[in-house]
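Worksheet: the structure to be examined is printed underneath.
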Amino acid sequence: MPRTSAEIMAHADELAARFENDDFGATESIEVDGLVGLRKAVVELSDAQKNIELWIAQCRKQGKTWGAIGEVLGTSGEAARQKYGDPAERRPRKKSGVGR
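Residue 1 is where the sequence shown starts when you use UniProt numbering, and the numbers rise one by one after that.
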């Protein structure tokens, strides 16, 4: 492990050269069970959704508009409000006559 500044710089130069030359050698491929990977992705998605909801609540406390929030989410302010707004703020969806 490098200790002096000169050793650290030499080590960094060595790693940079390896990166530029793609000199990392063969890597072993590991088969992962698809359900294990899927389960992990679902947990990550759930955590991300909770994080989004917390940040939206923070934005609203700071007076950010639904339009600004929707823009960051890639949707309209109205769609963001309907999905993430206080249930008291949400407008009921119109019932469709389709399928009756």
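Beta carbons are placed, not taken as given, at the ideal position from N, Cα and C, and that holds for glycine.
Computed from a prediction, not measured in an experiment: that's the story for all the values here.
Q. What is the DSSP secondary structure of Val72, counted as helix, strand or coil?
A. helix
Q. With a Cβ-Cβ cutoff of 8 Å, do Asp70 and Ser76 count as a contact?
A. The question names Asp, but residue 70 in the sequence shown is Gly. For Gly70 and Ser76, yes; Cβs fall inside 8 Å.
Q. In chain order, what residues of the same chain lie with their CB nearer than 8 Å to the CB of Trp66, ignoring the 5 residues before and after it?
A. Gly77, Glu78, Ala80, Arg81, Gly85
Q) Would you call Ile56 buried or exposed, if buried means 16 or more other Cβ atoms sit within 10 Å of its Cβ? A) buried
Q: Alpha carbon to alpha carbon, how far is Arg18 from Met1? Give it in angstroms, no decimals.
A: Residue confidence for Met1 is low, a pLDDT of 49 falling below 50, so the modelled location carries little weight and cannot support an answer.
**Q.** Sequence-distant residues of the same chain with beta carbon closer than 7 Å to Glu53, five excluded per side
**A.** Tyr84
Q.
So, at 7 Å on beta carbons, what are the nonlocal neighbours of Ser46 in its own chain, with the 5 sequence-adjacent residues on each side left out?
A. none
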